[in-house]
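Undergrad: Position one of the sequence shown corresponds to residue 97 (the working numbering), numbered consecutively onward. Note that CB positions come from ideal geometry on N, CA and C, so glycine has one too. Mind having a look at this structure? Questions to follow.
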Amino acid sequence: MPLILDLERAYNEARSDAGCDAELNDLLAHYAGRPSPLYYAQRLTEHLREVATKDGQTGGAKVYFKRDELNHTGSHKINNCLGQILLARRMGKTRIIAETGAGQHGVAVATVCARFGLPCEIFMGATDVERQKPNVFRMNLLGAKVHAVTSGAGTLKDAMNEALRDWVSNVENTYYIIGTAAGPHPYPELVRDFQSVIGNELRQQMMEREGRLPDTLVACIGGGSNAIGLFHPFLDDAEIEIYGVEAGGHGIDVPNGHAASMSGGSPGVLHGNRTFLLQNEDGQILEGHSISAGLDYPGVGPEHAWLKETGRVNYVPATDKEALTAFQLCTRLEGIIPALEPSHALAFVTKLAPTLPRDNLLVMNMCGRGDKDIFAVAGHLGMDI
Ligand SMILES: *Cc1c(COP(=O)(O)O)cnc(C)c1O
Numbered sequence: 097m098p099l100i101l102d103l104e105r106a107y108n109e110a111r112s113d114a115g116c117d118a119e120l121n122d123l124l125a126h127y128a129g130r131p132s133p134l135y136y137a138q139r140l141t142e143h144l145r146e147v148a149t150k151d152g153q154t155g156g157a158k159v160y161f162k163r164d165e166l167n168h169t170g171s172h173k174i175n176n177c178l179g180q181i182l183l184a185r186r187m188g189k190t191r192i193i194a195e196t197g198a199g200q201h202g203v204a205v206a207t208v209c210a211r212f213g214l215p216c217e218i219f220m221g222a223t224d225v226e227r228q229k230p231n232v233f234r235m236n237l238l239g240a241k242v243h244a245v246t247s248g249a250g251t252l253k254d255a256m257n258e259a260l261r262d263w264v265s266n267v268e269n270t271y272y273i274i275g276t277a278a279g280p281h282p283y284p285e286l287v288r289d290f291q292s293v294i295g296n297e298l299r300q301q302m303m304e305r306e307g308r309l310p311d312t313l314v315a316c317i318g319g320g321s322n323a324i325g326l327f328h329p330f331l332d333d334a335e336i337e338i339y340g341v342e343a344g345g346h347g348i349d350v351p352n353g354h355a356a357s358m359s360g361g362s363p364g365v366l367h368g369n370r371t372f373l374l375q376n377e378d379g380q381i382l383e384g385h386s387i388s389a390g391l392d393y394p395g396v397g398p399e400h401a402w403l404k405e406t407g408r409v410n411y412v413p414a415t416d417k418e419a420l421t422a423f424q425l426c427t428r429l430e431g432i433i434p435a436l437e438p439s440h441a442l443a444f445v446t447k448l449a450p451t452l453p454r455d456n457l458l459v460m461n462m463c464g465r466g467d468k469d470i471f472a473v474a475g476h477l478g479m480d481i
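In structure tokens form, the structure reads like this:
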């Protein structure tokens with residue numbers, strides 16, 4: 097408790113400090129490459145209008161992508177890492193630790209540690225170390241030490257357990273950069289705030305482009321950080337429809353076959369927060385499955401659990417197969433190779449957009465690029481590269 101109370105105090109001080117804000121904004125602009133563009137996906141829009149017409153409908157929303165895949169390191173994760181490393185430095189911490197599953201967050205943390213000259217240790221499940229060798233190599237190149245965690249199933253949940261253990265035994269000098277909007281308070285709040293740059297930029301960009309706010313927002317959900325970053329600045333605009341898309345894997349009805357904690361899980365406590373989890377009747381955490389390594393956390397940030405219960409946000413699953421189809425569609429129609437994570441959001445967009453009127457402004461968060469996924473996709477399509 098003293099650790100997280102200390103963090104909460106430091107965070108509250110930092111966010112009312114204009115100097116801190118200016119430094120973060122400078123890094124976001126010149127290091128990460130923000131603001132990310134708001135792009136009108138014209139060919140995808142026209143394609144989905146044809147689909148609507150074939151179905152005897154007159155609809156087909158105007159689809160925009162928020163291009164967070166263009167950020168440095170290839171996803172939205174850098175937004176949060178830059179914010180947290182400034183906080184760590186402000187707190188006088190001299191050692192950084194983090195957990196990672198697929199390695200995307202680990203790479204982003206190792207990147208900001210290199211940028212600030214701080215030693216970095218990454219906890220990663222042993223199974224994931226084996227599965228994600230290119231990212232382990234990237235982290236090593238950036239100067240980070242990667243610990244392979246052999247407890248449990250050797251995946252993300254176990255890596256996070258180990259990082260929390262390290263943190264409480266190295267209280268004095270260590271800062272723990274959590275990679276999603278989950279974990280003990282104040283992490284869900286501060287990660288949300290750092291990712292809200294996505295939604296805040298979008299408000300302004302859409303006003304410039306269309307003279308009004310969007311009608312529909314869609315984002316994929318792993319732990320929920322890119323989604324809450326897009327959604328949060330719009331939650332009070334009650335007329336805006338919001339959708340979070342979870343990893344439906346082989347299908348919600350297949351036991352251990354998905355990673356949809358809200359569509360197919362139940363409430364419980366993990367890693368310091370009460371939320372929806374994949375668990376058995378004894379409260380033991382189950383391994384999630386998803387075609388995309390970034391979506392298989394067995395829980396979801398607590399604010400999403402609340403948004404589900406209040407009904408403000410709709411949570412829906414998309415399967416592996418649907419994501420793979422959407423991945424190919426986007427690549428061919430827009431010349432953008434999406435990560436498999438936002439391909440889930442896109443899969444839902446291809447179902448939703450044809451049912452919406454043509455003047456509906458729909459924005460999907462393109463939260464990561466697909467370069468990292470091409471080998472996995474080749475495998476699923478039965479191709480050799
Ligand atoms: C890590 C990752 C995710 C999942 O994390 P959230 O916290 O749910 O955003 C989604 N997309 C990409 C591209 C990622 O790298």
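1) Mapping the DSSP letters down to three states, classify Glu342 as helix, strand or coil.
2) Would you say the beta carbon of Ser171 comes nearer than 7 Å to a heavy atom of ligand 1?
3) For the 8 Å Cβ check, are there 3 or more pairs between the region 266-281 and the region 175-190?
4) What three-state label does DSSP hand Arg130 in the structure shown?
5) Within the same chain, show all residues whose beta-carbon is closer than 6 Å to that of Asn108, passing over the 5 residues directly before and after it, in chain order.
6) With DSSP as the reference, label Leu458 as helix, strand or coil.
7) Please report the straight-line C-alpha distance between Pro131 and Leu452, rounded to a whole angstrom.
8) Ligand 1 and Gly307: does the residue's C-beta get closer than 7 Å to at least one heavy atom of that ligand?
9) Can you tell which of Ile294, Leu477 and Gly344 has the C-alpha that lies nearest to the C-alpha of Gly464?
10) What are the boundary residues of the beta strand (DSSP E) that includes Lys158?
11) Ignoring anything shorter than 4 residues or poking outside the region 336-388, list the alpha helix (DSSP H) runs there in chain order.
12) In the region 244-276, which residue ranges form an unbroken alpha helix (DSSP H) of at least 4 residues, counting only runs that do not cross its ends?
13) Alpha carbons only, please: which of Arg227, Gly188 and Gly239 is nearest the one belonging to Val208?
14) Measuring straight from C-alpha to C-alpha, what distance separates Tyr283 and Gly397?
15) Skipping 5 residues on each side, what residues in its chain have a beta carbon closer than 6 Å to that of Ala323?
16) Ser321: beta carbon under 7 Å from a heavy atom of ligand 1?
17) What's the gap between the Cα of Gly250 and the Cα of Phe471?
18) How about Leu458 and Tyr160: do their beta carbons lie closer than 8 Å?
19) If I measure Cβ to Cβ from Ala110 and keep anything under 7 Å in the same chain, skipping five residues before and after, which residues do I get?
20) In this structure, what does DSSP give as the bridge partners for Ala414?
21) Looking at Glu165 and Met256, is the spacing between their C-beta atoms short of 8 Å?
22) Under a three-way DSSP split, which group does Pro434 fall into?
TA: Considering the structure as presented:
1) The DSSP-derived three-state label of Glu342 is strand.
2) For ligand 1, a non-hydrogen atom lies closer than 7 Å to the CB of Ser171.
3) Output reads yes: the region 175-190 touches the region 266-281.
4) Coil at Arg130, not helix or strand.
5) So the list is empty, once near-sequence residues are dropped.
6) Three-state result, Leu458: strand.
7) Roughly 28 Å between the two C-alpha positions.
8) Gly307: no, Cβ never under 7 Å from ligand 1.
9) The residue among Ile294, Leu477 and Gly344 with its C-alpha nearest the C-alpha of Gly464 is Ile294.
10) Residue range Lys158 to Lys162 is occupied by the beta strand (DSSP E) that includes Lys158.
11) The region 336-388 contains these whole alpha helix (DSSP H) runs: 357-360.
12) Runs found: 252-265.
13) Looking at the Cα atoms, Gly239 is the closest of the given residues.
14) Near 10 Å, if we compare the C-alpha coordinates of Gly397 and Tyr283.
15) The beta carbon of Ala323 sits closer than 6 Å to those of Ala315, Ile317 and Gly340, all from its chain and outside the five residues before and after it, given in chain order.
16) Indeed, a heavy atom of ligand 1 lies less than 7 Å from the Cβ.
17) Their backbone Cα atoms lie some 22 Å apart in a straight line.
18) It is a contact, given that the beta carbons lie within the stated cut-off.
19) Result list for Ala110: Cys116, Leu183 and Arg186, in chain order.
20) DSSP, once it has assigned bridges, lists Ala343 as partnering Ala414.
21) At the C-beta level, Met256 and Glu165 stay beyond 8 Å of one another.
22) In this structure, Pro434 counts as strand in the three-state DSSP scheme.
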